[in-house]
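Report on one structure; see the data block that follows.
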């Protein structure tokens, strides 16, 4: 129980709000008010009372065609201001969005609950990693680029608002609902990383909405199922839970979601924070200075759904938009009655509706265009998407232990290297990418019984790379024996950093330990490159685990060629589209039976593909494993690059004669040959 002095202190705590400056959001500050204000005035003055109240509601809907009539009823009867789509596919949601916008008098906000992009809700969208993985990244430009790419995809889908980032501090590993949705356990890191991601989104025209204010990270209960309690004192809340939110406000970001949390020290009087004026108005707006749009968390959640007059309470508490009520008609009527009775004043209603319309204008809702379904999938899955996914994993992969500086692996001609994949029945992406760098002997094991016989064979190798994709029952002990038998061992974990806790005896024995966080192809590609120095290690643990402190991470330098897309070196993938056409045309004209094209720029392989066969009539297909006889290499490997460089530096012209540069050819039939 909290004592009287705690309540008195909280009163003083909120009273200091008068000293806090209001922070104008970046989106609002940058808007052209000469066009914005007349549009808001015009639309607001055209709205009936029902239409004004409707702007305050955003139901959660599905994109299935069976929902069309239901959502149309929300638009025509309750005059809703926006929708939050839950699950579906790219095409289904785009088609429904086009329909809904076509029947709405006032264009709708379209929102996404996409903490890791569209794929959190849309099953055929590009899959970005969860926040705990991006929490390993300390390069803010990468996180900002990630936010920009998510926003680009949102705009392709006609989405204006993304309910992300989650900037809850992951201070309780047993939290049943936050977990990998958080960037990590350090408030400063969470703030920095969440803000970088949010800035990227807003710079690309999509509103970011931080959640779950005042902080859902240290709970043992899920607000989807009950009302969790945060029992900390004010000093702790200020230094941990509230810190990322205050930094987010200071950064001028535009959206905030209030969580369904019981926080006694904030004098919530048993109400969820989302319904408490002490939290939504006095703390968030008055004391912390937030001036953007505020949203409730989903009102169908058990943490709030049993509250009477919950929408009215939410609006009085400082929320601007009511999200996902169970009974749209009932809640609409309750708010209307509150307005008519003066419980919600005309001034308060006008303030909220004008703010909503203001951000509709800023986010381009007033210029709604139909989504082109024909090009949608190609536009969403553009090269920028894959490049961003690769970049995230490149920057996240974390080296937490590196005895004798084994990594990146050196002296490839002297070291015999084995790679053992635990938990996969066949050679996987990680092992295939290791082979891009060295002659690696690969093995796969899926049962404990198959680990023991392999352990003895590994004694033949100088370095053993052990990748853990899943651990079979009883596999930890067998893994330890495998590591003991290896001269030098590198343990690569394609799982949560908390796997370090479960495999601590093995990590203690290993020479080097890498945390790759995820078992996706992109994680495996990045880890393989980092092991051999194609990219440097730069990630840091977002949480403490396995005896390694938060922020643990050993940096290394790039020492070899890396593999990526042209976007990595400032080019566009489409700029290389003609390479394949030229290669195939040469085969068609029988200039050669096959060829292999590799394009390298700034130490990165950006094109790498084989065409045709080794012989005209038949023969093996040309691929990355094809071996060519070495002959006449100088003109291709030395002369051509030298000519290219001198041409770029304007030291030669392609129409110049050889005799101009090679005096020995003058007076011969070679003197007039052109460089071309």
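In our numbering, the protein residues as written are 24 to 699. In this text, a Cβ means the ideal position worked out from N, Cα and C, and glycines have one as well. Remember, it's a predicted structure, so these values are computed and weren't measured experimentally.
- Excluding five sequence positions before and after residue 688, the CB atoms of its chain that fall closer than 7 Å to its own CB belong to 681, 682 and 694, given in chain order.
- Within 10 angstroms of the beta-carbon of residue 233 lie 16 or more other beta-carbons, which makes it buried.
- Taking the CA atoms as reference points, residue 86 sits about 12 Å from residue 133.
- In its chain, beyond the 5 residues on either side, 629 and 630 have a beta carbon closer than 6 Å to the beta carbon of residue 622.
- If you look at residue 669, you'll find it isn't in any beta strand (DSSP E); it sits in the alpha helix (DSSP H) that goes 663 to 671.
- According to the DSSP secondary-structure assignment, residue 313 is paired through a beta bridge with 46.
- Taking C-beta atoms as the reference points, residue 566 and residue 193 count as a pair closer than 8 Å.
- Three or more beta-carbon pairs drawn from the segment 529 to 539 and the segment 421 to 432 are found closer than 8 Å, and the two stretches are therefore classed as touching.
- With a cut-off of 8 Å on Cβ pairs, the segment 517 to 524 is not in contact with the segment 472 to 480, counting fewer than three such pairs.
- In the displayed model, residue 53 falls within a helix according to three-state DSSP.
- Excluding its 5 nearest sequence neighbours in each direction, residue 598 has C-beta neighbours in its own chain below 8 Å: 589, listed in chain order.
- Sorting 473, 447 and 462 by C-alpha distance to the C-alpha of residue 491 places 447 at the top.
- The beta carbon of residue 419 sits closer than 7 Å to those of 156, 157, 159, 160, 540 and 562, all from its chain and outside the five residues before and after it, given in chain order.
- Residue pairing by DSSP leaves residue 500 without any beta bridge partner.
- Taken through DSSP and simplified to helix, strand or coil, residue 517 comes out as coil.
- Beta-bridge analysis with DSSP links residue 633 to 619.
- Counting the other CB atoms within 10 Å of its CB gives residue 529 a total of 16 or more, which places it among the buried residues.
- Secondary structure in the segment 153 to 218: no beta strand (DSSP E) run of 3 residues or longer lies completely within the stretch.
- By the 16-neighbour rule on beta-carbons within 10 angstroms, residue 413 is buried.
- By the Cβ neighbour-count rule, residue 78 is buried, with 16 or more other Cβ atoms within 10 Å of its own.
- Under a 10 Å Cβ-count criterion, residue 82 is classified as buried, with 16 or more other Cβ atoms of the shown protein chains found around its own Cβ.
- For residue 375, the closest of 685, 692, 76 and 555 by C-alpha to C-alpha distance is 76.
- Between the segment 224 to 238 and the segment 269 to 283 there are three or more inter-stretch CB-CB distances shorter than 8 Å, so the stretches are counted as touching.
- Looking only at 281, 211 and 697, the smallest Cα-Cα distance to residue 186 is reached by 281.
- Looking from the CA of residue 338, the closest CA among 366, 147, 466 and 222 belongs to 366.
- For residue 277, the three-state secondary structure derived from DSSP is coil.
- Around the beta carbon of residue 383, 16 or more other beta carbons sit within 10 angstroms, so the residue counts as buried.
- Under the 10 Å beta carbon count, residue 372 is surrounded by 16 or more other beta carbons and is classified as buried.
- Straight through space, the alpha carbons of residue 635 and residue 609 are spaced by roughly 10 Å.
- Separation of the CB atoms of residue 121 and residue 394 is rounded to 6 Å, and the pair is thereby assigned contact status at 8 Å.
- By the neighbour-count definition (other C-beta atoms within 10 Å, threshold 16), residue 278 is a buried residue.
- By the Cβ rule, the segment 254 to 268 does not count as touching the segment 293 to 304, because fewer than three pairs are nearer than 8 Å.
- Bounds of any alpha helix (DSSP H) do not take in residue 698, whose DSSP letter is neither H nor E.
- Within the segment 455 to 488, the complete beta strand (DSSP E) segments of 3 residues or longer fall at 463 to 468, listed in chain order.
- Here the C-alpha atom of residue 239 lies approximately 20 Å from the C-alpha atom of residue 573.
- It is roughly 9 Å from the alpha-carbon of residue 500 to the alpha-carbon of residue 471.
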